[in-house]
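Shown next, in structure tokens, is the structure this report addresses.
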Amino acid sequence: MLLVRAIIRPEKVGVVLSELLSAGYPAVTKMDVYGRGKQKGVKVGEVYYDEIPKDMILMVVDDADKDDVVKIIMKYARTGESGHFGDGRIFVSPVEEAYTISTKKKGL
Numbered sequence: 001m002l003l004v005r006a007i008i009r010p011e012k013v014g015v016v017l018s019e020l021l022s023a024g025y026p027a028v029t030k031m032d033v034y035g036r037g038k039q040k041g042v043k044v045g046e047v048y049y050d051e052i053p054k055d056m057i058l059m060v061v062d063d064a065d066k067d068d069v070v071k072i073i074m075k076y077a078r079t080g081e082s083g084h085f086g087d088g089r090i091f092v093s094p095v096e097e098a099y100t101i102s103t104k105k106k107g108l
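Quick note on UniProt numbering: the sequence shown kicks off at 1 and runs consecutively.
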């Protein structure tokens, strides 16, 4: 099992979640987050914003599904043909165990 963490633009969340659902990946946790990446924030006129609003999507998937999930997020979270700074990041980490609380079942 793997944890896929995607930090993306808020305006892209709807289409990303819709495409994941259509592809058979309905289980998602979404959070509003704030931060900055390599661009170190944004300056608009005289105002500097060092914490940019983003959304974080968390998914635990089987190892075999990782490439498909990452591909979907990459395709639909990107702005424009070649992407832009601030489109986000995807992190993939191992998950040792998962449990469903209501059934006490181990695994996905």
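A virtual CB, placed ideally from N, CA and C, is assigned to each residue, including glycine.
Because the structure is a prediction, the values reported are computed rather than measured.
Assigned secondary structure, residue i (DSSP; H/G/I helix, E/B strand, else coil)
{"i": "Ser22", "result": "helix"}
{"i": "Leu108", "result": "coil"}
{"i": "Ser93", "result": "strand"}
{"i": "Arg5", "result": "strand"}
{"i": "Gly37", "result": "coil"}
{"i": "Gly86", "result": "coil"}
Which residues DSSP lists as bridging residue i, in chain order
{"i": "Pro10", "result": "In DSSP, Pro10 forms no bridge with anything."}
{"i": "Tyr76", "result": "None; Tyr76 has no bridge partner."}
{"i": "Met31", "result": "Met56"}
{"i": "Val15", "result": "DSSP lists no partner for Val15."}
{"i": "Thr100", "result": "Lys105"}
Check: residue i C-beta below 7 Å from any heavy atom of the ligand SAM
{"i": "Tyr48", "result": "By its list of ligands, the structure shown contains no ligand whatsoever, and the ligand SAM lies outside what it can speak to."}
C-alpha gap between residue i and residue j, whole angstroms
{"i": "Val16", "j": "Lys104", "result": "30 Å"}
{"i": "Ser93", "j": "Val47", "result": "36 Å"}
{"i": "Val28", "j": "Asp65", "result": "14 Å"}
{"i": "Ser82", "j": "Val95", "result": "32 Å"}
Exercise for review: Decide yes or no for the touch test of the stretch 1 to 8 against the stretch 89 to 103: beta carbon pairs closer than 8 Å, at least 3 of them.
Suggested key: In short, these stretches touch, since the Cβ pair count reaches three.
Review point. Do the stretch 62 to 77 and the stretch 20 to 29 touch if we need at least three Cβ pairs shorter than 8 Å?
Key: Contact holds: three or more Cβ-Cβ distances are below 8 Å.
Review point. Taking the runs of the beta strand (DSSP E) that are 3 residues or longer, which of them lie wholly in the stretch 39 to 70?
Key: Fully enclosed beta strand (DSSP E) runs of 3 or longer: 42 to 44, 47 to 49, 52 to 61.
Check your understanding: Touching or not, the stretch 74 to 85 and the stretch 29 to 36, by the rule of three or more beta carbon pairs under 8 Å?
Key -> At 8 Å Cβ cutoff, the stretches do not touch.
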